[in-house]
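Colleague: Just so we're aligned, residue 1 is where the sequence shown starts under UniProt numbering, counting upward by one. Before I ask anything, let me first share the structure, which is written out below as structure tokens.
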Amino acid sequence: MAEAFNHHFINSGFVSKKVTLLLQPLQPSNTCSLLAPPHSFSIRPVLVGEVLKELTPLDPNKAAESDDHASFFIKIAAPVIAAPLTALINLSLYTAEIPPAWKEAVVLPLYKGGDQADLNNYRPISILPCVSKILEKLVNKQLINHLNVSGIISGAQSGFRSRYGCVTANTKVLNYITSVLDSKQHCAAIFIDLAKAFDSVDHNTLIHRLSSIGVTDHSLVWFSNYLSHRVQRVRFENLFSHSLPITRGVPQDSILGPTLFSIYINNIPQAVGNSLIHLYADDTILYATGSSADAVQATLQDSFYQLQQSLTQLKLTLNTSKTQIMWFYRKGTTPPPAFNITTCKGAILEQVTAYNYLGIWLETSLSFSIHISKLQSKVKARLGFLYRNRSSFTTSAILTLIQMTILPMLDYGDTIYRVAYTLSTLDAL
């Protein structure tokens, strides 16, 4: 069974039947920059103090299933092993090679529901060696600093960035749409879903993207080694499958993966013509405004075509069945007519009146009534559970559970929907 899971998870990451070549070791002569970056970036050697700082907060329970409790012993021995581990990490940075054992992932199948015999009903949870994560954290901090100092990451990206988040992404988009509607303009959006985006990253394209942002030759060779010759094996019911190679995608459960993905798709906002775009990792909204519904449709269609071409170049695949369009208009005004937006292959996108964007239900009228209704149901269910089981908890425990499980639900995005006229239904709770 473990073997079946491993083959299924490996193959499910491929969104195309075309054979993908294994990444070849990158030579300095092949690392020419696509653009002239304002600053260059080279991974510098790390200090013992930096390594010890990463070892100290290590969670001894995490990754125990793949490391045989290695993280527990590493944390205990941190003061002793910090110096030799620093030497080992610096050797990796100097030689541009990562130990093969650090690039092996153990995958645990997580049951999602449905027929237990159907492998599609399991989600792969990847676990990497804790020592490899120490290396990744140290490199990732340096890379993020370069991105911040050079202002490389697009302002249209809110994912995996300090002081950015789902709420800030929602707020930015909705503030613009609201201002457009206030000025009597028309507005429509396409909510774009990508199929297994993180698992579809082409390694060679990513290396050239790194080159274009100023990563120097030797560091490019290190990143090339980091991405190549990775393997995974599945653990199921205490049995391990054989290892299989991973030939594309950024490593799941990795520290560098999200940052590398942000770099990979960083140029997408430049490919949308006269429309606007905002991303949270791979969650993307493309929206356009105009003085008439026809103008909005034309702009949005043209931008959508350009975006699809950019996605094709990145070997990312649009999930047409989950990519949807929606008009926005003020409550009480005449709804714009239905219109068709098509993919490059001629498929017509579904038009909806509500969409869950980053945890907030948006509606055409921006009343947030659906979001508040769903939130009310969730809160009532949890309060009902606490009430029915009140004899099993102390008053202090009940208050703690409310603070941990209910208040975060109410707090999430409250700055966005707090002006909604239906907010009184939540106040009643």
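We put the beta carbon where it would ideally sit given N, CA and C, even for glycine.
With burial defined as no fewer than 16 other Cβ atoms inside 10 Å of the residue's Cβ, what is the status of D414: buried or exposed?
Modeller: It is exposed - the Cβ of D414 has fewer than 16 other Cβ atoms within 10 Å.
Colleague: Let's test the definition: count the other Cβ atoms within 10 Å of the Cβ of P84 and tell me whether it reaches 16, buried, or not, exposed.
Modeller: Per the 10 Å Cβ criterion, exposed.
Colleague: Please classify P25: does DSSP put it in a helix, a strand, or coil?
Modeller: Confidence is the limiting factor: at P25 the pLDDT is only 37, short of 50, which leaves the residue's position unreliable, though a coordinate-based value still follows. Of the three classes helix, strand and coil, the one that applies to P25 here is coil, per DSSP.
Colleague: What is the DSSP secondary structure of Y412, reduced to helix, strand or coil?
Modeller: It is coil, neither helix nor strand.
Colleague: Under the DSSP definition of a beta bridge, which residues are partnered with S71?
Modeller: Bridge partners of S71: none, in fact.
Colleague: Look up N274 in the DSSP assignment and say whether it is helix, strand or coil.
Modeller: N274 falls in the coil class under three-state DSSP.
Colleague: Out of Q297, A169, G384 and L366, point me to the one whose CA is closest to T342's CA.
Modeller: Comparing Cα positions, the closest option is Q297.
Colleague: CA-CA distance, V106 and S126?
Modeller: Taking the straight line joining both Cα atoms gives about 6 Å.
Colleague: On the criterion of 16 or more Cβ atoms from any shown chain inside 10 Å, does S71 qualify as buried, or is it exposed?
Modeller: The residue is buried, with at least 16 neighbouring Cβ atoms inside 10 Å.
Colleague: Any idea what DSSP makes of residue 506, helix, strand or coil?
Modeller: Outside the shown range of the chain, which is 1 to 429, sits residue 506, and nothing can be said about it.
Colleague: Tell me F41's beta-bridge partners as DSSP assigns them.
Modeller: In the DSSP output, where bridge partners are listed per residue, F41 has V215.
Colleague: Taking the alpha-carbon positions, what's the T394 to P408 distance?
Modeller: Roughly 21 Å separates the two Cα atoms.
Colleague: Rounded to the nearest angstrom, what separates Y94 and S224 at their Cα positions?
Modeller: Their Cα atoms are separated by approximately 14 Å.
Colleague: Leaving out five residues on either side along the sequence, give the residues of the same chain with a beta carbon under 8 Å from the beta carbon of A271.
Modeller: For A271, where only same-chain residues beyond five positions count, the Cβ hits under 8 Å are Q306, L307, Q309 and S310.
Colleague: What's the gap between the Cα of T168 and the Cα of Y122?
Modeller: Going from the Cα of T168 to the Cα of Y122 covers about 32 Å.
Colleague: Rounded to whole angstroms, what's the CA-CA distance from I277 to S391? Just pull it up for me.
Modeller: Going by the C-alpha atoms only, they are around 51 Å apart.
Colleague: Would you kindly report the start and end of the unbroken alpha helix (DSSP H) that includes F328?
Modeller: Careful: F328 lies outside any alpha helix (DSSP H), inside the beta strand (DSSP E) at Q324 to F328.
Colleague: On the three-state DSSP scale, how would you describe S367?
Modeller: Residue state, collapsed to three classes: coil.
Colleague: Nearest to N198 by alpha carbon, out of S150, L110, A188 and L316?
Modeller: Sequence inspection shows Phe at residue 198; the Asn mentioned does not correspond to that position. If we check each option's Cα against that of F198, L316 comes out closest.
Colleague: Tell me whether Q313 is buried or exposed, calling it buried when 16 or more other Cβ atoms sit within 10 Å of its Cβ.
Modeller: Burial call: exposed.
Colleague: Could you tell me whether the Cβ atoms of T289 and H186 are closer together than 8 Å?
Modeller: Contact flag set, yes.
Colleague: Straight-line CA distance for I152 to L143?
Modeller: When rounded, the distance between both Cα atoms is 11 Å.
Colleague: Could you name the residues of the same chain whose beta carbon sits closer than 7 Å to that of F304, not counting the 5 residues immediately before and after it, in chain order?
Modeller: Counting only Cβ-Cβ distances below 7 Å, and skipping sequence neighbours, we find I190, L286 and I341.
Colleague: Quick one: complete alpha helix (DSSP H) runs, 4+ long, within the stretch 174-246?
Modeller: Listed in chain order, the complete alpha helix (DSSP H) runs (minimum 4 residues) inside the stretch 174-246 are 203-212 and 217-227.
Colleague: To the nearest angstrom, report how far apart Y357 and R235 are at their CA atoms.
Modeller: Between Y357 and R235, the C-alpha separation is close to 34 Å.
Colleague: Between the Cα of V231 and those of L386, S154 and P99, spot the shortest distance and give me the residue it belongs to.
Modeller: It is P99 whose Cα lies nearest to the Cα of V231.
Colleague: Pick from H218, V51, L401 and V250: whose alpha carbon is nearest that of L135?
Modeller: Comparing Cα positions, the closest option is V51.
Colleague: Assuming I246 and V139 are in contact, meaning their beta carbons sit under 8 Å apart, how far apart are those beta carbons, in whole angstroms?
Modeller: At roughly 19 Å, the Cβ-Cβ gap does not stay under 8 Å, so I246 and V139 are not in contact.
Colleague: Can you tell me whether P124 is helix, strand or coil according to DSSP?
Modeller: Note: P124 maps to strand in three-state DSSP.
Colleague: Three-state secondary structure (DSSP) at A397?
Modeller: A397 falls in the helix class under three-state DSSP.
Colleague: In the DSSP assignment, find the beta strand (DSSP E) that holds L135 and state where it starts and stops.
Modeller: Looking at the DSSP string, L135 is not in any beta strand (DSSP E); the run it does join, the alpha helix (DSSP H), is C130 to S150.
Colleague: How close, in whole Å, do the beta carbons of H218 and R248 come, if the pair is a contact with beta carbons under 8 Å?
Modeller: Not confirmed; about 24 Å, so no contact.
Colleague: Quick one: is Y417 buried, meaning 16 or more other Cβ sit within 10 Å of its Cβ, or exposed?
Modeller: Answer is buried; the Cβ neighbour count reaches 16.
Colleague: Quick check on T333: buried or exposed, where buried means 16 or more other Cβ atoms within 10 Å of its Cβ?
Modeller: The residue in question, T333, is exposed, as its Cβ has fewer than 16 Cβ neighbours within 10 Å.
Colleague: Count the C-beta pairs between the stretch 323-331 and the stretch 345-360 that are closer than 8 Å, then say yes if the count reaches three, no if not.
Modeller: Yes: at least three Cβ pairs fall under 8 Å.
Colleague: Pull up the DSSP beta-bridge partners for N356, would you.
Modeller: W361.
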